[in-house]
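Right, one structure below, let's go through it.
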Amino acid sequence: MRTLRAFWRATDASTAVEFALLSPLLLTLMIGTIDIGRYLWTVNRAQKATQMGARWAVATDVVPSGLATYDFAVAGGIPQGDPIPASSFTSAKCSSTLSGTVTCVCVPTTCPGGSGVNTAAFNRILFQMQQYYPEITADKLKVNYEYSGLGYAGDPNGIQVQPLVTVQLVGMTFAPILYRFFSSGSITLNTTFSSSLTLEDGSGQIAN
Numbered sequence: 001m002r003t004l005r006a007f008w009r010a011t012d013a014s015t016a017v018e019f020a021l022l023s024p025l026l027l028t029l030m031i032g033t034i035d036i037g038r039y040l041w042t043v044n045r046a047q048k049a050t051q052m053g054a055r056w057a058v059a060t061d062v063v064p065s066g067l068a069t070y071d072f073a074v075a076g077g078i079p080q081g082d083p084i085p086a087s088s089f090t091s092a093k094c095s096s097t098l099s100g101t102v103t104c105v106c107v108p109t110t111c112p113g114g115s116g117v118n119t120a121a122f123n124r125i126l127f128q129m130q131q132y133y134p135e136i137t138a139d140k141l142k143v144n145y146e147y148s149g150l151g152y153a154g155d156p157n158g159i160q161v162q163p164l165v166t167v168q169l170v171g172m173t174f175a176p177i178l179y180r181f182f183s184s185g186s187i188t189l190n191t192t193f194s195s196s197l198t199l200e201d202g203s204g205q206i207a208n
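In terms of the UniProt record's numbering, the sequence shown has 204 at position 204, counting the first letter as 1, and numbering is strictly consecutive.
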């Protein structure tokens, strides 16, 4: 009986017991803090990648290849020098599959100059963005060209319409370190990262 009482009264190694009880909580808090920093870093990289992608997209070849050579005065029937109306070109939304098949969907239903796409131009945008965020895959990238009111029919100096170019990242994922203790999965970021600029040259393979 005395031995049992002595055992309950003993305080030796109490610090170790308290540490054992608190260490999981402290470890979770520490890893959670790291995960918050990693999440913010991921968001920052994604946003920076879209900014650089937009810069590249407005200065180099456009993805809907027909838009580069289409003459809104000759083929579109708009008087030479008149502004191009939204009814002639509203938007072109370009995307890719994971395997790299690029398509563009236009409004009106037919893209000016046909439905051809410049896959190399899309891949160059993707490559530049991967310099800032290597985890980007082709199926996560969207390049949209939307009517801005700029441009006139018969412009002899290149692309006749200057749309607003928006580069987007969708469906990106983030894998918290804490998840490794419970599962091997990741979470999908609900945020759509995007950046927009008005088309500039829209020609060439290099931008600065």
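Don't be surprised by glycine CBs; every beta carbon is placed ideally from N, CA and C.
- Just so you know, the alpha carbons of T103 and M52 end up roughly 22 Å apart.
- DSSP, read as helix, strand or coil, puts P108 in coil.
- L67 is positioned such that its CB atom lies closer than 8 Å to that of G113.
- Judged by DSSP in its simplified three-state form, Q130 adopts helix.
- Straight-line measurement puts the Cα of N157 at about 12 Å from the Cα of E200.
- In the DSSP annotation of this structure, the continuous segment of the beta strand (DSSP E) that includes T166 starts and ends at 164–169.
- The DSSP-derived three-state label of F193 is strand.
- For A92, the enclosing beta strand (DSSP E) starts and ends at 91–96.
- CA-to-CA, the gap between N118 and F174 works out to about 31 Å.
- S65 and L169 have their C-alpha atoms some 22 Å from each other.
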